[in-house]
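Residue numbers (the working numbering), protein chains in the order written: chain A, 3 to 712; chain B, 3 to 712.
For glycine and all other residues, C-beta sits at the position ideal for the given N, C-alpha and C.
What you are looking at is a predicted structure, and each value in this text was computed from that prediction instead of being measured.
Protein chains: 2
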Amino acid sequence: MSKSDIHKNNFKSVFYPKSIAIIGANNVEGTVPYDIVKSILISNYKGIIYPVSPKETSILNIKAYKYVIDIELPVDLAIVVFPSSVCNLVLEQLGQKGIKAAIIISAGFKEVGSVGLEREKQIKEIADKYGISFIGPNCLGVINTDPKVNLNASFARKMPSEGNIGFLSQSGALCTAVLDYAQSKNIGFSKFVSFGNKADISEIDLLYYLADDPKTKVILLYLEEISDGKALMDCAKDIISKTGKPILAIKAGRTNEGAAAAASHTGSLAGSDEICNAAFEQAGIIRCNDILEMFDTAIAFAYQPIPKNNRVSIITNAGGPGVLTTDALIKDGLKLAKFSEETTAIFSKVLPKTANIKNPVDVIGDAKADRYNLVVTESLKDDNVDAVFVILTPQSMTEIEIIAQEIVDVSKNNSKPIYTSFMGATDVAAGIRILEKNNIPNYTLPESMSKSFTSVFNFGQNLNRNGAVYNLDKTQNNVEMAKSILSEALEEKKSYLTEDKTNQLLSCYNLPVLESFVASSAEEAVSFAEKIGFPIVLKIVSDDIVHKFDVNGIVLDIQSREEVIQGYSSIIENVMQLAPEAKIKGILVRKMIPKGEEVILGIKRDNSFGPVIMYGLGGVFVEVFRDVSFRVAPLSLHDIKSMILNTKSSKLLFGARGKNLRDVESLYYCLSKLSELAIDLPQIKELDINPLILLDINKGCYIADAKIML
Amino acid sequence: MSKSDIHKNNFKSVFYPKSIAIIGANNVEGTVPYDIVKSILISNYKGIIYPVSPKETSILNIKAYKYVIDIELPVDLAIVVFPSSVCNLVLEQLGQKGIKAAIIISAGFKEVGSVGLEREKQIKEIADKYGISFIGPNCLGVINTDPKVNLNASFARKMPSEGNIGFLSQSGALCTAVLDYAQSKNIGFSKFVSFGNKADISEIDLLYYLADDPKTKVILLYLEEISDGKALMDCAKDIISKTGKPILAIKAGRTNEGAAAAASHTGSLAGSDEICNAAFEQAGIIRCNDILEMFDTAIAFAYQPIPKNNRVSIITNAGGPGVLTTDALIKDGLKLAKFSEETTAIFSKVLPKTANIKNPVDVIGDAKADRYNLVVTESLKDDNVDAVFVILTPQSMTEIEIIAQEIVDVSKNNSKPIYTSFMGATDVAAGIRILEKNNIPNYTLPESMSKSFTSVFNFGQNLNRNGAVYNLDKTQNNVEMAKSILSEALEEKKSYLTEDKTNQLLSCYNLPVLESFVASSAEEAVSFAEKIGFPIVLKIVSDDIVHKFDVNGIVLDIQSREEVIQGYSSIIENVMQLAPEAKIKGILVRKMIPKGEEVILGIKRDNSFGPVIMYGLGGVFVEVFRDVSFRVAPLSLHDIKSMILNTKSSKLLFGARGKNLRDVESLYYCLSKLSELAIDLPQIKELDINPLILLDINKGCYIADAKIML
């Protein structure tokens, strides 16, 4: 049985234990061991707890055991708060006692350096030996709000309320801030896990657990280190496609300095943030910039349905915020709904003359609940409306709580999402509480409301996208020859491939390298030229000549048999005159590449995500505008198209500025082949095709230059 | 005396009235007139109020007058809450009574269409006649927290506390949300003004008033319509340079849809948002994206000194948030301070071994107040530190309030800014209150803390920038001739200038147009070519020939006398052969432009800001990347440099990608001349120089093509 299957079996004991041993408990208030026992007790846990303490006979009035093995009855879960130096002994005892699940709170492992890393390896080995699954070490603990268990196995100050958001965090201390913030916003959680150094149970195991958890609708993830990016991507794709549950993630350590700070406190190493961004997008993970944005988005997913389309009706009692919301919504790519004639007729009949009955609807400062109710109700009925945004400012006559309650009531009888922005703080607090408690997502800023809705809308649109791998016949790839080219070079301890080997290798994957031939006579040159077709290029081949142009050793754009013969002899003559000592190996004959768009393709290796494919338009676009995009291999056709469209310059391939339509199909093909190559040949450290010349539609493309690093 | 001088005299009566008449007061709770009287009473106003009501004999126990002229003693300020239809009569009475200041709360003016606009004009006329200054109409009122007066002349639900932030808003309803939000954050105000339709007193008058107000340190402005952008810019520049007070602004109506919404509720018309952005930057106005960002930035300015430099020390009790803060700070362009050896020695001696003593300093989850105190104090002492960010997460043992108080105490003895991010909500609330009440700006998000600090830092750096107009000799401009070219064209009802007139006009401003000459003989061509110098171009001139290349009517890159003669005759021959019917006017001789970078310059007219200069790199940069920048004329040298540097492609002028250094000095010159031209010649509606060929350093530039629209 794989370790992840073992975890799957043991998760019930982690989250729904019937009995818990707290190992290392004490009676000193304000210490972690004491706080944890107290947390469990005051959260009204539905089970038995066994404090284990070498010194105390009882903890908080409960009989204490000296060793875990002394406990008479079976125990489901152990919470370990002993110093890291003795955790190995504890784990051994858990094994002997037959306890299969543990939460190791104790710090002093990988994050403190080599001694700690050694300890971490030790406990992991013992856990593997006994089939134990553990969370941590170096974590805050686990919370399960399910009333069946009411478990607060953590030293968080408080137990959150029940909800449908699952939260997973690599940082323990951040959790305390998150719990405090969430409580103030009436945000509930299904499961709340601080997983610390993830020495045994990883974020991927936990993601799968939450995917299966019927209490969890939205999954949040705070990460500093992605140990196995590929696995995380696969897991996310799998969960999203099978369950439709969104995964929202914060990945800290975006900058080099931030990554260094992360390394020093969790011993982790961050990869390139650009690649992480691309990988998340590819996997469907919604990346959030900060904690507030994460919760703003989370409540939208948790509380309201996914909209069918993006036509929004705005209702406000204040013109200014109506304008701000309209600005935000348009900026986010949403649309202002256009009301039907029926709706417009009703608004114009019922609303006061000073009201603005067009979207955004301004019900005017003196609006009471009746106007709000009418406009919200009629908006929801209108087929041209997919969602409703309600804005309220606290004017002296505004019936804040009544309006909140009526929005809640209206929302219960419809399937379109309703979002609110009750602006302000104290005056609107009671109204907001009514909204939040009844699953209406409320935002202080209309801008945050619009942004959150947009995330949900985009997620819904992406759910139906086609993630199939590009359907090309891989059997045509000559993988064996490619491998032998690489082994040969590696045996010769080369750090890169020569030009001809590079071309040979790319040919193995049917990539459009230019066939070339070194002719020893004008006749040979003619016969090869006729074989590959005109126009062609002739170039001197000599180890003694570095700058071929300087000796007039190149003739471009040769169109006919006669020109080949003439070109051949003129090159020989020029070289003999200008570089009489040079040893001539022959004349290279190659197809002349027509003019086209220069693009750059490449392969990089990321520590965490593995083979990464790079794309960008050549020249200034990559270097000045950094207009490049990345995708983790293997690439689906959707990936390929989106990575091209993600660059601003992509317009230039599709006829912008009166340019010709380029042969993007052949570009798709090359990117897909590059993806196959990257996966088949891990010996290649880096590959650059710079440039690939992309011709007009149906005319293909050619590799003008390429480099392969080993 | 100008109206703005009259306002200046009358402002004392608006903000510090000794007596107030409330005209249109009533006894109906929950109505605006009643709420205003009550607001004034409960705010403990230090003066006399006179309710004026045609019906009531007393309002809230105070004797009411039938007409304002019935009041026996002089009155400083009138608050008008009568229906808009009778406001003209009220204004007349104010004039008769000698009241010089009014706040017109009543709606029903410009914002409701043509009838309202007429009413607005009427009251403005009466005010002008009597020298009355008024705020509004269609506004929430005015608040002055100065204890000398304690004035809440508004129908806001509450009076804010005293502070050093002045707030000006075009939207009244937004004010209610702002006041509510500000109260919850313990943010105080000096003056708070809802100026509505600004029919008389404008935002500019109010900005100058706050600039002179010793109680105001930071000025906030919410705008939907900028009636006179140029005046706003001049006012802002003036205030910032003379007083150093920052102006933070939100300009709503950024999108077309948002602007349309704004128009429908204030009758205002928004200009281009891109140009507004440029104008604000140029004027030093800090543009905020939303209300929260505005207050985040405002408290930074209001509470803490401007930092000398951008080296920040981060202190945290949680690794994760330390990483997030580091990421944010680097992204914002700030620097992580490197501690001196002394500081490092102290940290390594005093902090626990598990702590991270490098910046960001992690004092570890169990840190109490002593560790925070030490690290903050020592950071502030370190010469390598310019500012301190303190992060706190509420862990079970964290002494939140004590730490807050100690930060406050430490801050009192130093001149470097301290910012905090006490993360969470309820648990940290009491600590945050201590910080806020003692002028330590606190942020839920470390990202907002970093962003706000960055705004203050950048403002400080810009305070010293040189805004002088580029020092060129304007007397060389032949303005008279330029004007006569334009009058001539306008008389002929032309909508654009012909090529030769365009060149003539640009020459009047010494812009580098290419001199050209139509030769009737090869000799003439030679003599002109020798005058302007080789290489030159020859082109056929004939009204019958549209495509000169098609008839081989162009010869490029002519290097010598002989080539001129040869080129001349070959063109004549070609044309006679290929277009035998064409009437030949002669052959144009012009300098051949060497290769260089193509840039685009232009003039546009903005409804609100007037003449605007545009700059961008030619080709794809403008069209695909929209890599252009704008500045409002006249341009200072700083404006010119910053508008070029604001484009990403500007690197290409300064040697990026192995390109030559271009002659940017000549580009500065052209932009400056264009700015002069734009101001001198308002008849020009639009001007496009596309492209200007910018040569290598010291080689100048040439206009290859230009169009002038009238």
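Could you tell me the boundaries of the alpha helix (DSSP H) in which residue i lies?
i, result
"Val-16/A", "5-17"
"Phe-530/B", "524-534"
"Glu-490/B", "481-493"
"Ser-677/B", "666-682"
"Asp-411/A", "402-414"
Under the three-state reduction of DSSP, which class applies to residue i: helix, strand or coil?
i, result
"Lys-370/A", "coil"
"Met-594/A", "coil"
"Ile-316/A", "strand"
"Val-387/A", "coil"
"Glu-600/A", "strand"
"Phe-191/A", "strand"
"Val-352/A", "helix"
"Ile-42/A", "helix"
"Asn-361/A", "coil"
"Cys-703/A", "strand"
"Val-325/A", "helix"
"Phe-656/A", "strand"
"Ser-186/B", "helix"
"Ala-263/B", "helix"
"Lys-99/B", "helix"
"Thr-346/A", "helix"
Can you name, in chain order, every residue of its own chain whose Cβ lies under 6 angstroms from the Cβ of residue i, other than the five neighbours on each side?
i, result
"Ala-369/A", "Asn-319"
"Asn-440/B", "Val-410"
I need the boundaries of the beta strand (DSSP E) containing residue i, first residue and last residue.
i, result
"Thr-422/A", "420-424"
"Ser-631/A", "630-634"
"Glu-688/A", "688-696"
"Ala-616/B", "One detail in the question is off: residue 616/B reads as Met in this sequence, not Ala. 612-619 is the span of the beta strand (DSSP E), which, as asked, contains Met-616/B."
"Glu-164/A", "164-171"
"Asp-559/A", "556-560"
"Ser-156/A", "153-156"
Measuring alpha carbon to alpha carbon, tell me which residue in the options is nearest residue i.
i, options, result
"Arg-563/A", "Ile-589/A, Ala-635/A and Glu-525/A", "Glu-525/A"
"Asn-415/A", "Pro-307/A, Asn-311/A, Val-352/A and Asn-480/A", "Pro-307/A"
"Met-235/B", "Ile-686/B, Pro-162/B and Ala-635/B", "Ala-635/B"
"Lys-453/B", "Asp-182/B, Thr-299/B, Ala-254/B and Gly-426/B", "Thr-299/B"
"Ile-221/B", "Glu-205/B, Glu-599/B and Gly-231/B", "Glu-205/B"
"Arg-313/A", "Pro-248/A, Ser-381/A and Tyr-374/A", "Ser-381/A"
Does the distance from the C-beta atom of residue i to that of residue j stay below 9 angstroms?
i, j, result
"Ile-332/A", "Asn-258/B", "yes"
"Phe-536/A", "Leu-336/A", "no"
"Val-666/B", "Ile-705/B", "no"
"Ala-103/A", "Ser-15/A", "yes"
"Lys-187/A", "Phe-297/A", "yes"
"Val-591/A", "Ser-572/A", "no"
"Ala-201/B", "Lys-112/B", "yes"
"Tyr-224/B", "Gln-284/B", "no"
Suppose the cutoff is 7 angstroms on Cβ atoms and the five residues either side in sequence are ignored; what does the same chain contact list for residue i look like?
i, result
"His-549/B", "none"
Enumerate in chain order the residues of its own chain whose CB-to-CB distance from residue i is below 8 angstroms, with the five nearest sequence positions on each side excluded.
i, result
"Ile-61/A", "Ile-24, Ala-27, Asn-28, Asn-29, Tyr-36, Val-39, Pro-53 and Ser-55"
"Leu-580/B", "Asp-552, Val-553 and Asn-554"
"Ile-560/A", "Ala-531, Phe-536, Pro-537, Ile-538, Val-539, Leu-540, Val-566, Gly-569 and Met-594"
Exercise. Below 9 angstroms between beta carbons is the criterion; list the residues of the segment 103-132 of chain A that meet it against any residue of chain D, in chain order.
Key: In summary, chain D is missing from the structure at hand, where the protein chains are A and B.
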